[in-house]
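Asks: Using the numbering used here, the letters of the sequence shown map in sequence onto residues 1 to 290. All C-beta atoms in this analysis are idealised placements derived from N, C-alpha and C, irrespective of residue type, glycine included.
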Amino acid sequence: MHIFITGAKGFIGNELVLQCQKQRIQVSGVDFKPSSDFPQADIRSKNIAEFIPEGVDAVIHLAGLSNDTMCKNKGYDCFDMNVLGTLNLMEATAQKKARQFIFASTEWVYDNCAAKEQKNEESVINIANHTSEYALSKLVGEANLRQKYQNGFCPVTILRFGIVCGTTGEKKSAVESLFLSIKEKDEVSVGSLKTGRCFIHVSDIASGIIKSIGLNGFNIINLAGDKLITLKDIVEISKKILNKNPKITETNPDNISVRNISNKKAKEMLGWFPEITMETWLQNLNSFLK
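As structure tokens, then:
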């Protein structure tokens with residue numbers, strides 16, 4: 001098997017490459033930043049096809065602006081990279097006769113999320129409810145891929161990632177930042193302890209991508225954690241691991257944000273199951289930080 005990855009040196013790309021190497025999957029790729037491992041290339045460039053091997057088994061598209069902060073009030077830059085860049089890569093993929101296109105989307109495409117409602121791939125999305133340039137860019141990317149597939153493009157797999165955790169570098173995830181605050185401070189502030197997400201570890205994201213290689217047809221699949229984890233859950237797990245009991249202050253207890261995302265389809269279609277629990281990750285993080 002031979003795959004091509006955009007964003008090969010990014011957070012998810014790094015982990016994906018490592019897992020592919022362990023499974024002896026041949027990897028080619030590019031990254032926006034200079035790297036000794038992969039060529040530097042921009043997905044918006046008209047020569048991007050030069051980097052894609054002819055007849056590659058899958059083009060895995062991870063590159064682009066990857067969160068709301070990067071895109072907020074930067075609509076032109078966001079759509080230039082995430083929408084036009086993806087369209088350009090689609091043309092290059094068709095030119096090189098790749099067998100599959102795997103697109104990294106996000107759970108943020110789901111609107112009007114509530115604690116009691118679990119969103120799945122069949123949930124109706126009202127684009128008028130979105131104010132996030134990032135979410136809109138991913139929705140447009142998904143729509144373009146659907147249209148392209150209906151006009152003879154290769155099989156398409158859209159993976160809607162949950163909130164990914166697992167960082168240990170300078171750019172900390174929200175979970176890591178909260179854990180470190182509990183580790184280092186006597187008083188910690190959070191918005192609402194009832195705020196929750198279906199967090200998913202980066203290693204589980206990478207394994208889900210690998211399991212999706214070879215799918216036929218047009219598929220949208222959520223890759224999210226098994227259960228909703230609230231900030232209160234993270235606080236309690238962190239306190240237990242660190243043997244600390246700081247004062248926790250809620251600054252806005254009524255401002256509850258919950259995104260409950262189903263991973264049932266991924267389990268049934270891919271035989272994929274998340275393996276890294278929040279407890280395991282935070283225990284590993286604590287060991288790493290010692």
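Return the Cβ separation of Pro34 and Phe51 in integer angstroms, given the expectation that the two are a contact with Cβ distance under 8 angstroms.
Replies: About 14 angstroms; that fails the 8 angstroms criterion.
Asks: Using the Cβ count rule (16 or more neighbours within 10 Å means buried), how would you classify Ile127?
Replies: The residue in question, Ile127, is exposed, as its Cβ has fewer than 16 Cβ neighbours within 10 Å.
Asks: Leaving out five residues before and five after Gly75 in sequence, what residues of the same chain have Cβ atoms less than 6 angstroms from its Cβ?
Replies: Contacts found: Glu133.
Asks: DSSP on Ile125, reduced to helix/strand/coil?
Replies: Looking at Ile125 - three-state DSSP - the assignment turns out to be coil, as it is neither helix nor strand.
Asks: Just list the beta strand (DSSP E) runs in the region 171-235, keeping only unbroken ones of 3 residues or longer that don't cross its boundaries, in chain order.
Replies: Fully enclosed beta strand (DSSP E) runs of 3 or longer: 187-190, 218-223.
Asks: Of the residues Leu242, Gln19, Asn219, Arg24, which one's Cα is nearest the Cα of Met269?
Replies: It is Asn219.
Asks: Quickly, what does DSSP pair Ile5 with across the bridge? List them, please.
Replies: Partner(s): Gly29, Ile60.
Asks: Suppose you measure from the CA of Gln100 to the CA of Lys211; what does that come to, to the nearest Å?
Replies: Taking the straight line from one Cα to the other gives about 13 angstroms.
Asks: Please name the residue in Thr106, Glu236, Pro53 whose C-alpha comes closest to that of Ile205.
Replies: Answer by Cα proximity: Thr106.
Asks: For a test of the three-state rule: what should DSSP assign to Glu279, helix, strand or coil?
Replies: In the structure shown, Glu279 sits in a helix (DSSP, three-state: H, G or I).
Asks: Let's test the definition: count the other Cβ atoms within 10 Å of the Cβ of Lys116 and tell me whether it reaches 16, buried, or not, exposed.
Replies: Its Cβ having fewer than 16 others within 10 Å, Lys116 is exposed.
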